[in-house]
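> Here it is, the structure, as structure tokens.
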Amino acid sequence: MDLLDDDELERSAVVANCRMNRERGLLGSNGYDRELGFNPLDVLRKPSGESRPAGWLDLCCGSGKALIEAARIVHDEGMDVEIVGVDLAGLFRRVDPDQDRLRLVEASLGDWRPDRGFDLISCVHGLHYVGDKLALIARAASWLTEDGLFVASLDLHNLKIADASPLGRRIAAALRRAGLEYDRRRRLVSCRGRKAVDLPYRYLGADDRAGPNYTGQPAVDSYYADA
Ligand SMILES: C[S@@+](CC[C@H](N)C(=O)[O-])C[C@H]1O[C@@H](n2cnc3c(N)ncnc32)[C@H](O)[C@@H]1O
1 MDLLDDDELE RSAVVANCRM NRERGLLGSN GYDRELGFNP LDVLRKPSGE SRPAGWLDLC
61 CGSGKALIEA ARIVHDEGMD VEIVGVDLAG LFRRVDPDQD RLRLVEASLG DWRPDRGFDL
121 ISCVHGLHYV GDKLALIARA ASWLTEDGLF VASLDLHNLK IADASPLGRR IAAALRRAGL
181 EYDRRRRLVS CRGRKAVDLP YRYLGADDRA GPNYTGQPAV DSYYADA
């Protein structure tokens, strides 16, 4: 089977798909709170006296709409929060000049890395398009603060072992052993607190012909072999 490397995948029509939803807001029926099950800003309200600003990193942030709305609230309420969004496509909405606590970065998460730890790391419907999903989950867990929270949408059907059998159950068990959780009903993987995650799988490449996953949009299957 011909699998794609990261460069090929990032040029694929499935990843560049202009019909995918890059416009979720912070709250409401098309909002991050609905997808994640909580309002991200609630996680970032730190007890006063904390010496450094709280940090929220959003992976695959799309247009940045949710982050821009959050930054406006952070500014209006005088919260001490830094927000960083990263997306491959760079199709960001305009950011007001007074939103100096918000940074939207055009980059591939295959090689981008942050320069601080984060109290919250989210990835809302982004992993569906990433090649090495397990590596990004592991990297995100290592970017958390000691008691930070990582939450990402993940369809286990998009994880395959080399003979094309689904890895779903095995991965869920391996994630649990590594200290992460997978909520099957909400299809969310999460990690509480910074962790060194070492999963026993070797990434082989991606298949952009996987077809729609539960989101209804064409997604990317990620292939692994036992390490
Ligand atoms: C369905 S959109 C979700 C956007 C946003 N989280 C939302 O819910 O509105 C998925 C996003 O993942 C981004 N993406 C896909 N592969 C990526 C990669 N390797 N690195 C960074 N962003 C990526 C795409 O550019 C796209 O904007």
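Start counting the sequence shown at 1; every next residue gets the next number (our numbering).
Here a beta-carbon is modelled for each residue, glycine too, at the ideal position from N, C-alpha and C.
What are the residues that DSSP puts in a beta bridge with A206?
Numbered from its first residue, the sequence shown carries residue 206 at position 206. Beta-bridge pairing links A206 to L4 and S222.
> Is D7 near ligand 1, judged by its Cβ being under 7 Å from some heavy atom?
Mapped onto the sequence shown, residue 7 falls at position 7. No; taking the cut-off as 7 Å, the Cβ of D7 has no heavy atom of ligand 1 nearer than that.
> Using only the alpha-carbon positions, how far apart do L199 and A174 sit?
Position 199 of the sequence shown, counted from the first residue, corresponds to residue 199. Position 174 of the sequence shown, counted from the first residue, corresponds to residue 174. One C-alpha to the other measures close to 7 Å.
> Does the structure place the stretch 112-121 close enough to the stretch 69-77 that three or more beta carbon pairs sit under 8 Å?
Judged by Cβ distances under 8 Å, the stretch 69-77 makes no contact with the stretch 112-121, as fewer than three pairs qualify.
> Under the rule that 16 or more other beta-carbon atoms within 10 Å means buried, what is M20, buried or exposed?
Within the sequence shown, residue 20 is the residue found at index 20, counting from 1. Flag for M20 reads buried.
> Please report the Cβ distance between D155 and L4, rounded to the nearest whole angstrom; I am assuming they are in contact, meaning their Cβ atoms lie under 8 Å.
The residue labelled residue 155 in the question sits at position 155 within the sequence shown. The residue labelled residue 4 in the question sits at position 4 within the sequence shown. With a Cβ gap of about 18 Å, D155 and L4 do not count as contacting.
> For C18, does the count of other Cβ atoms within 10 angstroms reach 16, so buried, or fall short, so exposed?
As a working mapping, residue 18 is identified with position 18 in the sequence shown. Flag for C18 reads exposed.
> Hey, N158 and A219 are a contact pair by Cβ (cut 8 Å); roughly how many whole angstroms apart?
The sequence position of residue 158 within the sequence shown is 158, counting from 1. The sequence position of residue 219 within the sequence shown is 219, counting from 1. Their Cβ separation, rounded to whole angstroms, is 5 Å, which keeps N158 and A219 in contact under 8 Å.
> Taking only runs of the alpha helix (DSSP H) that begin and end inside the stretch 41-86, which ones reach a length of at least 4 residues, in chain order?
Within the stretch 41-86, the complete alpha helix (DSSP H) runs of at least 4 residues are 65-77.
> Could you work out which residue in H125, A178 and R170 is closest to R24 when comparing CA atoms only?
Taking the first residue of the sequence shown as position 1, residue 24 is located at position 24. For R24, the nearest C-alpha among the options comes from H125.
> Hey, would you say G90 sits closer than 8 Å to D6, going by beta carbons?
As a working note, residue 90 is residue 90 in the sequence shown. As a working note, residue 6 is residue 6 in the sequence shown. No, the Cβ-Cβ distance between G90 and D6 is not below 8 Å.
> Are there 16 or more other CB atoms within 10 angstroms of the CB of N213, so buried, or fewer, so exposed?
Working through the sequence shown from its first residue, we reach residue 213 at position 213. It counts as buried.
> Across which residues does DSSP place E23 in a beta bridge pair?
The residue labelled residue 23 in the question sits at position 23 within the sequence shown. Bridge partners of E23: none, in fact.
> Alpha carbon to alpha carbon, how far is S222 from R170?
Walking along the sequence shown from the start, residue 222 turns up at place 222. Walking along the sequence shown from the start, residue 170 turns up at place 170. The straight-line gap from Cα to Cα measures roughly 14 Å.
> If distances are taken between C-alpha atoms only, which option among R113, V86 and H75 comes closest to D98?
In the sequence shown, the residue the question calls residue 98 occupies position 98. The option with the nearest alpha carbon to D98 is H75.
> Using CA atoms only, rank isn't needed, just tell me which of L134, Y201 and A162 is closest to C191.
To locate residue 191, count along the sequence shown from 1; it is residue 191. Of the candidates L134, Y201 and A162, the one whose C-alpha sits nearest the C-alpha of C191 is L134.
> Taking 8 Å as the limit between beta carbons, can you name the residues of its chain near R176, skipping five residues before and five after?
Translated into the one-based positions of the sequence shown, residue 176 becomes position 176. For R176, where only same-chain residues beyond five positions count, the Cβ hits under 8 Å are Y182.
> Pull up the DSSP beta-bridge partners for Y201, would you.
For the purposes of this step, residue 201 is taken as the residue at position 201 of the sequence shown. D226, per the DSSP bridge assignment.
> Work out the CA separation of D2 and G205 for me, nearest whole Å.
In the sequence shown, residue 205 corresponds to position 205, counting from 1. In the sequence shown, residue 2 corresponds to position 2, counting from 1. Straight-line Cα distance between these residues: approximately 9 Å.
> Looking only at its chain, what residues have a beta carbon closer than 8 Å to the beta carbon of S142, apart from the 5 residues adjacent to it on each side?
Translated into the one-based positions of the sequence shown, residue 142 becomes position 142. The residues are R194, K195, A196 and V197.
> In chain order, what residues of the same chain lie with their CB nearer than 6 Å to the CB of V130, ignoring the 5 residues before and after it?
Counting from 1 along the sequence shown, the entry for residue 130 is found at position 130. So the list reads L136, once near-sequence residues are dropped.
> So, is G37 buried or exposed, given that buried needs 16 or more other C-beta atoms within 10 angstroms?
As a working mapping, residue 37 is identified with position 37 in the sequence shown. Result: exposed.
> Assuming contact is defined by CB atoms lying nearer than 8 Å, are R93 and G64 in contact in what I supplied?
As a first step, residue 93 must be located in the sequence shown, where it is residue number 93. As a first step, residue 64 must be located in the sequence shown, where it is residue number 64. Result yes, Cβ atoms of R93 and G64 sit closer than 8 Å.
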